[in-house]
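Scroll down for the structure; my scribbles are underneath it.
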Amino acid sequence: MLGLLKRVLHRLVQLLWVLMVVALVYSLWARDMVPKSWHAICDPTAFVVICLFTVSVGVWVFWHHFRFRDITMAHVDAMDGLEFENFCAFLLKRNGYTRIQQTKGSGDQGVDVIATKKGIKFGVQCKRYNGFVGNHAVQEVWSGKEYYQLDQAVVLTNSTFSDAANDLATQLGVTLIDREGLRKLMKRLPS
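For the sequence shown, full-length UniProt numbering gives the first residue as 1, with consecutive numbering after it.
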């Protein structure tokens, strides 16, 4: 259902872009070529399309910039897995990472987000858990590091890691960011 909604929304955005281009072409260049009898219909239509496009872009920019602005750990704990992945991608972007790419949900080889900072490519597995995160997450992100040819593997969680996960991460060189580390990343968000 969510996939269908995304596809429909994507098509609507494409349609809005096409309508915007047509409205601009009409308004800036083609108006004099259209018969004057059509101006009564085309002028208001072009105006409405341009206004709709402008408002849509404004809403999108506002939502994209402020959607996680006042978030607390209680909000993070209430997220589902996909929301947490989106939040982690947002958090990485706000903390100076670039080329943020979210991998597909299933078959992602243990990497949910790929990001670059200072020329280093990071693969991040995002785990929204209530209990301890075990070493399986470390194993998955380590294999994903090799699969995506990344420089550094990271497991980011709203919880804490088991001793086995900490030991394995140390041995493999995987960076673990637990609840306290997540809280520190969140403090860097602009208010």
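For every residue, glycine included, the Cβ atom is placed at its ideal position computed from N, Cα and C.
Using C-beta distances below 6 Å, list every residue in its chain close to residue i, excluding the 5 sequence neighbours before and after it, in chain order.
{"i": "V76", "result": "N158"}
{"i": "F84", "result": "C126, R128"}
{"i": "W29", "result": "none"}
Keeping to the same chain, check which residues put their C-beta closer than 8 Å to that of residue i; ignore five residues upstream and five downstream.
{"i": "Y26", "result": "V34, C42, A46"}
Let me make sure I understand the geometry here. Which of the options has the alpha-carbon closest to that of residue i?
{"i": "K187", "options": "E140, W38, M73, G119", "result": "M73"}
{"i": "Q171", "options": "W142, V61, R183", "result": "W142"}
{"i": "N120", "options": "Y97, M79, K184, K93", "result": "Going by the sequence as given, residue 120 is Ile instead of Asn. The option with the nearest alpha carbon to I120 is Y97."}
{"i": "L182", "options": "L92, K104, M20", "result": "L92"}
{"i": "M20", "options": "K6, V48, G173", "result": "V48"}
{"i": "V13", "options": "V59, K36, P44, A40", "result": "V59"}
{"i": "V18", "options": "R7, K145, A40, F53", "result": "F53"}
{"i": "L185", "options": "V22, C51, F90", "result": "F90"}
Would you kindly check if the distance between the Cβ of residue j and the Cβ of residue i is under 8 Å?
{"i": "I114", "j": "L150", "result": "yes"}
{"i": "Y148", "j": "G123", "result": "yes"}
{"i": "L16", "j": "S56", "result": "yes"}
What's the gap between the Cα of residue i and the Cα of residue j?
{"i": "S191", "j": "V155", "result": "Reliability of the predicted coordinates at S191 is poor, the pLDDT of 48 falling under 50, and no value is obtained from them."}
{"i": "W38", "j": "D32", "result": "11 Å"}
{"i": "Q139", "j": "G81", "result": "19 Å"}
{"i": "D167", "j": "H136", "result": "12 Å"}
Q) When the Cβ atoms of the stretch 131–138 are set against those of the stretch 159–168, are three or more pairs found closer than 8 Å? A) Judged by Cβ distances under 8 Å, the stretch 131–138 makes contact with the stretch 159–168, as three or more pairs qualify.
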